[in-house]
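Student: Positions 1 to 262 (UniProt numbering) are the ones given, in order, by the sequence shown.
Note that the Cβ used here is the ideal one computed from N, Cα and C, for glycine as well.
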Amino acid sequence: MLFRSKRFSSRPDDELVIDISEEFGIRKLHFGNDDTQSAMRVSNPSELVLAYSRCVFGCLLFVEPPRDMVLIGLGGGSIAKWTHEFLPQTRLTCVELHQQVVNVARSMFFLPDDDDRLNVITGDGAAHVANMADDSADLIVMDAYSATGIAPPLATPEFFMTCRDKLTDQGVLAVNLWGSDKRFQQYCDRLSDVFDGHFLCLPARQKGNVIAFGFKTGLGDPKWETLAARAQKLEAQYGLEFNEFVADLARMNPHNDRKLFA
1 MLFRSKRFSS
11 RPDDELVIDI
21 SEEFGIRKLH
31 FGNDDTQSAM
41 RVSNPSELVL
51 AYSRCVFGCL
61 LFVEPPRDMV
71 LIGLGGGSIA
81 KWTHEFLPQT
91 RLTCVELHQQ
101 VVNVARSMFF
111 LPDDDDRLNV
121 ITGDGAAHVA
131 NMADDSADLI
141 VMDAYSATGI
151 APPLATPEFF
161 MTCRDKLTDQ
171 GVLAVNLWGS
181 DKRFQQYCDR
191 LSDVFDGHFL
201 CLPARQKGNV
211 IAFGFKTGLG
221 DPKWETLAAR
231 AQKLEAQYGL
241 EFNEFVADLA
251 RMNPHNDRKL
261 FA
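#1: Let me check one thing: in DSSP terms, what residues is Ile-211 bridge-paired to?
#2: Identify the residues that DSSP records as bridge partners of Ile-121: which are they?
#3: Return the Cβ separation of Leu-177 and Phe-245 in integer angstroms, given the expectation that the two are a contact with Cβ distance under 8 Å.
#4: Tell me, to the nearest whole angstrom, how far the beta carbon of residue 283 is from that of Leu-92; I am working on the premise that it is less than 8 Å.
#5: In this structure, does DSSP put Thr-148 in helix, strand or coil?
#6: Along the chain, where does the alpha helix (DSSP H) that runs through Glu-241 open and close?
#7: Output the residue ranges of the beta strand (DSSP E) runs that lie fully inside the stretch 33–94 and measure 3 residues or longer, sorted by chain position.
#8: Beta-carbon separation of Arg-190 and Pro-152 under 8 Å?
#9: Are there three or more Cβ pairs, one per stretch, closer than 8 Å when the stretch 58–66 is compared with the stretch 220–240?
#10: If you drop the 5 nearest sequence neighbours on each side, which residues of the same chain put their C-beta closer than 7 Å to that of Leu-111?
#11: For Gly-214 and Arg-183, which I take to be in contact (beta-carbon distance under 8 Å), what is that distance rounded to the nearest angstrom?
#12: Considering just the uninterrupted stretch of the beta strand (DSSP E) at Met-142, what are its terminal residues?
#13: Report the option in His-98, Asp-19, Ile-121 and Ile-140 whose CA atom is closest to the CA atom of Asp-35.
#14: Name the residue from Asp-115, Thr-217, Glu-241 and Phe-261 whose alpha carbon lies nearest to the alpha carbon of Glu-47.
#15: Using DSSP with H/G/I as helix, E/B as strand and the rest coil, what is Asp-181?
#16: Asp-193 by DSSP, collapsed to three states: which one?
#17: Starting from the Cα of Gln-37, find the closest Cα among Leu-87, Val-101 and Asp-114 and give me that residue.
#18: In terms of residue numbering, what span does the beta strand (DSSP E) encompassing Phe-31 cover?
#19: My output table needs one value for Lys-259: the three-state DSSP class, helix, strand or coil.
#20: Please report the residue range of the beta strand (DSSP E) in which Asp-165 lies.
#21: Nearest to His-98 by CA position, among His-84, Asp-114 and Ile-72, is which residue?
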């Protein structure tokens, strides 16, 4: 079955088309003819169906679960729903540019209403981050990628520096990237420069997404055995493939047979 709606604006270039498809129990959100932006198993709405959304939480291999988290770009709300259900200590603020996306996430993808741990704001993500207090977020997730790439204001060195300044000492910026994007290496170089080399890439095993992590504070050079032990504990706790995350870190980051250079 196929649902389709359109948001009209006085600016033709601001038009948004949202398609929702459903097949084999998986409901998907698309922006027009773009690839799948979000996917939900109708029988288990909090499951992270898309691999990249699970990779976002690979940061838990290195840091404790966040107390204060900011998500830029809502989509169908998969990351928000998982956080709300499985990270009860986390206060999450989601910033989504389009009110219609928020409406669809709530009406079709079971995003919960706001409460004392969830606050969904319609607005500009870059402006929201700029107005945050310094050292106020433990995790900032930027999931504002589309078929045309990251919106330019969300990919500048200045924006990445602003994100860094808003993170607590142990804070992390997680950015959803597309590995085949011609600007992929440019984005990685910018993040690495802004975070003084405290930077890692975790490739998703599904399609070409890569989650890039910038860490406010250096991680040292964690040993593989230490990461493997933590992965086993996290996988038992959260049900995500943390053991695979550890293996996949070796695909895109400097390392030797004893440790990861982070």
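Tutor: In short, the structure shows the following:
#1: Asn-176 and Leu-202
#2: Val-95
#3: Incorrect: roughly 16 Å between the Cβ atoms, too far for contact.
#4: Outside the modelled stretch of the chain, which goes from 1 to 262, sits residue 283, for which no answer is possible.
#5: coil
#6: Unbroken run through Glu-241: none, as it is neither H nor E.
#7: 36–41 and 68–72
#8: no
#9: yes
#10: Gly-77, Ala-80, Lys-81 and Ala-105
#11: Actually they are not in contact, since the Cβ atoms of Gly-214 and Arg-183 sit about 17 Å apart, beyond 8 Å.
#12: 137–142
#13: Asp-19
#14: Glu-241
#15: coil
#16: helix
#17: Val-101
#18: 26–31
#19: strand
#20: Note, Asp-165: premise wrong, no beta strand (DSSP E); alpha helix (DSSP H) at 157–166.
#21: Ile-72
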